[in-house]
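Be aware that the sequence shown starts at 1, since it is given in the UniProt record's numbering, and climbs by one per residue. Glycine is no exception: its CB is placed at the ideal position from the N, C-alpha and C atoms. Remember, predicted model here, so these are calculated numbers, not experimental data.
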Amino acid sequence: MMSMSTCILSTSTCISKNRTGIAINMENVNSIEDEFHVRLTEPVDLDELCNPDGRGSEFEVVLPEAPEEKQYFDEEDVFKHLNYEVNNVDGSDSEDDNQTPFDSIAKKMFSVIGDGSVMKRVKRVGSGEVIPKAYTATIHYEGYVEYCDVPFDSTRLRGKTQKIRLGEGQVILGLEVAVGTMRKGEKSDFLIQHQYAYGPMGVPPRIPGNATVLFVVELLNYSDTPLVPDMDTWSAERRKDATFEEILDIANAYRKAGNDAFNGDENGHKRISKAASQYIKAIRLLENARLANQSEEDEMKRVLLKLYLNLALCDIKQGQCPRALSNCIKALEIDPQNIKAMYRRGQALWHSNEFDKGRHWILKAQKLNPKDAHIQAELRKLDRKKAEMDQLHKATYQRMFASANSTSKSSDVAKEAKTKDKQKKCTPEAQDLLQTKLKEFIKDDVLTEMPFALDTLTSAETEYLQQAALEMGLEVRTLHQNSDKYLKILKPKPEAEQ
Numbered sequence: 001m002m003s004m005s006t007c008i009l010s011t012s013t014c015i016s017k018n019r020t021g022i023a024i025n026m027e028n029v030n031s032i033e034d035e036f037h038v039r040l041t042e043p044v045d046l047d048e049l050c051n052p053d054g055r056g057s058e059f060e061v062v063l064p065e066a067p068e069e070k071q072y073f074d075e076e077d078v079f080k081h082l083n084y085e086v087n088n089v090d091g092s093d094s095e096d097d098n099q100t101p102f103d104s105i106a107k108k109m110f111s112v113i114g115d116g117s118v119m120k121r122v123k124r125v126g127s128g129e130v131i132p133k134a135y136t137a138t139i140h141y142e143g144y145v146e147y148c149d150v151p152f153d154s155t156r157l158r159g160k161t162q163k164i165r166l167g168e169g170q171v172i173l174g175l176e177v178a179v180g181t182m183r184k185g186e187k188s189d190f191l192i193q194h195q196y197a198y199g200p201m202g203v204p205p206r207i208p209g210n211a212t213v214l215f216v217v218e219l220l221n222y223s224d225t226p227l228v229p230d231m232d233t234w235s236a237e238r239r240k241d242a243t244f245e246e247i248l249d250i251a252n253a254y255r256k257a258g259n260d261a262f263n264g265d266e267n268g269h270k271r272i273s274k275a276a277s278q279y280i281k282a283i284r285l286l287e288n289a290r291l292a293n294q295s296e297e298d299e300m301k302r303v304l305l306k307l308y309l310n311l312a313l314c315d316i317k318q319g320q321c322p323r324a325l326s327n328c329i330k331a332l333e334i335d336p337q338n339i340k341a342m343y344r345r346g347q348a349l350w351h352s353n354e355f356d357k358g359r360h361w362i363l364k365a366q367k368l369n370p371k372d373a374h375i376q377a378e379l380r381k382l383d384r385k386k387a388e389m390d391q392l393h394k395a396t397y398q399r400m401f402a403s404a405n406s407t408s409k410s411s412d413v414a415k416e417a418k419t420k421d422k423q424k425k426c427t428p429e430a431q432d433l434l435q436t437k438l439k440e441f442i443k444d445d446v447l448t449e450m451p452f453a454l455d456t457l458t459s460a461e462t463e464y465l466q467q468a469a470l471e472m473g474l475e476v477r478t479l480h481q482n483s484d485k486y487l488k489i490l491k492p493k494p495e496a497e498q
């Protein structure tokens, strides 16, 4: 669609002679390009138009329709983040007709710096200490300009939190000043004047020049972990030329990020998975690093030892015992007397039902640190689990032998009938034992799977075990390893992990 506009030109306007189009250069037009072109609806009399003594000529021009504004975010999502306060002063009438929405908001705020260039209003009080200088903050924010309730930027609409390291100039100065006043869990509004925001130029078309902006900020967490450089943006030559010190700094940043994830507030599986991924990135960097001397090799081994131990712990908690065992072995290759490596190697083994081997390594750790309460508790836990497993096996064998003895005295036909009859039943004792085993498995915060050798169970016991596990919300799988068959009971993973 085109729109039409009537225009009157006089001799003070310079034009190029064209009967169907006209190039206009108007005096005192304040623009970078003073000349612009329009299309006429009808030809004009150029002689009359150019006559110095004439009154000019009236004609109609066709103006193109303004282009639609670019959509930066999904409209439905944007609707959830509209801020009407920046548009109509919260719907209230102001006594001062000249008062703008931001003027009204500022009256409810206090200044966080001397000249009032950054104003603050706390919407939800946080906890703990104010974020220290040079710490890394994890935030959500929305930014607004006056008279526009749609955010010009929003981490929530982008679906990703923002991490900033205070003091490194990664965001506008006003936002950095704002975050530096906050506590963990706090949510606040900040009015930031242009000199602390986007300056006289702004960021067209979303942010005008000299614009005061409103930021709604939520401080989710903070730590002293530095931001990890994005090596994916490095060229192949840049990676090749990276020094060991650079690689070590990045690896340590990954390690600290893993520690933060492990100790974070997310659900168990998610935070442990996040931590493990950070440790793995650091390990790969260091294992592929080019070393110049013995000093660099020693430092690499020192950091790798921490990473192997941390990853082994994540593996154990995720039920990845073979991988945990591998990482413990790597740690012991670096430090054969490391107590944590022995302890976690023992954990990985007995969680794989290798009780004797697990006890051996935990006892080695205890020998080096006899008073460690965690080691003592782990030994008691190992002994209890082993006793339960032995009891289960013993009861199974007793029933098998009892069945064999009773049937040997009968005829072949009677023996077969009795055997089938016994296989159809699971004794109350066996039911109680299997129920107890499943309940303790559910309560165990470390184990994620529990295997049963099928050759130690009757078909009736196997059927009962499967049914009981499913009723408790567990998963059941049948596995074949060489000639052996196993029934594996697993805890279901959270929805996000499936």
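Q.
Taking the alpha-carbon of Arg165 as reference, which of Ile139, Val217, Asp149 and Phe190 has the nearest alpha-carbon?
A. Taking only the C-alpha atoms, the option nearest Arg165 is Ile139.
Q) Mapping DSSP to helix, strand and coil, what is Leu490? A) Three-state result, Leu490: strand.
Q: Taking Phe102 and Leu173 to be in contact with their CB atoms under 8 angstroms, please state how far apart those CB atoms are, rounded to whole angstroms.
A: With 8 angstroms as the limit, Phe102 and Leu173 do not qualify as a contact, their Cβ atoms being about 19 angstroms apart.
Q) For Met26, which three-state DSSP category applies? A) Confidence in Met26 is poor, its pLDDT being 42 and thus under 50, which makes the residue's placement too unreliable to answer from.
Q: May I ask which residues mark the beginning and end of the beta strand (DSSP E) holding Ala137?
A: Thr136 to Val145 is the span of the beta strand (DSSP E), which, as asked, contains Ala137.
Q: State the beta-bridge partners of Asn83 as determined by DSSP.
A: As DSSP reads the structure, Asn83 sits in no beta bridge.
Q.
Which of the three DSSP states is assigned to Gly174 in this structure?
A. In the structure shown, Gly174 sits in a helix (DSSP, three-state: H, G or I).
Q | Met109 versus Tyr198 - alpha carbon distance | A | Taking the Cα positions, Met109 is about 21 angstroms away from Tyr198.
(Q) Taking its Cβ as the centre, do 16 or more other Cβ atoms sit within 10 Å of Gln278, making it buried, or is it exposed? (A) Classification for Gln278: buried.
Q) Around the Cβ of His125, are there at least 16 other Cβ atoms within 10 angstroms (buried) or fewer (exposed)? A) Checking the displayed sequence, the identity of residue 125 turns out to be Val instead of His. When all chains shown are included, Val125 counts as exposed.
Q. Who are the near neighbours of Arg345 in its chain, counting only those whose CB is closer than 6 angstroms to its CB and skipping five residues on each side?
A. Contacts found: Cys328 and Trp361.
Q) How about Ala282 and Tyr254: are their beta carbons less than 7 angstroms apart? A) In this structure, Tyr254 lies closer than 7 angstroms to Ala282 by Cβ.
Q) With a CB to CB cut of under 6 angstroms and the five nearest residues on each side skipped, what residues in its chain are close to Leu479? A) Cβ within range, chain order: Tyr486 and Lys488.
Q) Alpha carbon to alpha carbon, how far is Ala236 from Ala377? A) Counting only the Cα atoms, Ala377 lies some 50 angstroms from Ala236.
Q: Have a look at Val145 and Ser326 and give me their C-alpha separation to the nearest angstrom.
A: Going by the C-alpha atoms only, they are around 55 angstroms apart.
Q) Does the stretch 456-469 come close enough to the stretch 353-370 to have 3 or more Cβ pairs within less than 8 angstroms? A) The stretch 456-469 is not in contact with the stretch 353-370.
Q.
Suppose the cutoff is 7 angstroms on Cβ atoms and the five residues either side in sequence are ignored; what does the same chain contact list for Ile375 look like?
A. Correct list, in chain order: Tyr343, Ile362, Ala365, Gln366 and Asn369.
Q. Taking C-beta to C-beta, are Lys163 and Thr136 nearer than 7 angstroms?
A. Yes.
Q) Which whole runs of the alpha helix (DSSP H) in the stretch 294-318 are 4 residues long or more, in chain order? A) Positions of the alpha helix (DSSP H) runs, each at least 4 residues long and wholly inside the stretch 294-318, are given as 294-317 in order along the chain.
(Q) One question on the structure: do Thr212 and Gln193 come within less than 7 angstroms of each other, judged by their Cβ atoms? (A) Using a Cβ distance threshold of 7 angstroms, Thr212 and Gln193 count as a contacting pair.
Q: To the nearest angstrom, report how far apart Ser111 and Thr155 are at their CA atoms.
A: Between the alpha carbons of Ser111 and Thr155 lies a gap of roughly 25 angstroms.
Q: Measuring alpha carbon to alpha carbon, tell me which of Phe262, Leu286, Pro336 and Ser295 ends up nearest Leu317.
A: The sequence as given places Lys at residue 317; Leu does not occur at that position. The shortest C-alpha separation from Lys317 is found at Phe262.
(Q) According to DSSP, is Met450 part of a helix, a strand, or is it coil? (A) Looking at Met450 - three-state DSSP - the assignment turns out to be strand.
(Q) So, at 7 angstroms on beta carbons, what are the nonlocal neighbours of Leu304 in its own chain, with the 5 sequence-adjacent residues on each side left out? (A) Ile283, Leu286 and Ile334.
Q: Would you give the residue range spanned by the alpha helix (DSSP H) that Pro119 belongs to?
A: According to the sequence as given, residue 119 is Met; it is not Pro. Not the alpha helix (DSSP H): Met119 falls in the beta strand (DSSP E), residues Val118 to Arg124.
Q) Nearest to Asp383 by alpha carbon, out of Glu449, Lys270, Gly358 and Leu49? A) Among Glu449, Lys270, Gly358 and Leu49, the Cα nearest to that of Asp383 is on Gly358.
(Q) Give me the residue from Pro132, Asp153, Glu176 and Cys148 with the minimum Cα distance to Ile113. (A) Ranking Pro132, Asp153, Glu176 and Cys148 by Cα distance to Ile113 puts Glu176 first.
Q) Taking the alpha-carbon positions, what's the Leu157 to Val216 distance? A) The straight-line gap from Cα to Cα measures roughly 13 angstroms.
Q: Taking the CB atoms as reference points, tell me whether Met119 and Leu191 lie closer together than 7 angstroms.
A: When the beta-carbon positions are compared, Met119 and Leu191 come within less than 7 angstroms of each other.
Q.
Helix, strand or coil, according to DSSP, for Ile207 in the structure here?
A. Residue state for Ile207 is assigned as strand, using DSSP reduced to three classes.
Q: Grab the span of the beta strand (DSSP E) containing Asp189 for me, first residue to last.
A: Taken as a continuous stretch (DSSP letters only), the beta strand (DSSP E) holding Asp189 covers Lys187 to Ile192.
Q) Can you tell me whether DSSP reads residue 499 as helix, strand or coil? A) The displayed coordinates of the chain run from 1 to 498. Any statement about residue 499 would go beyond what the structure contains.
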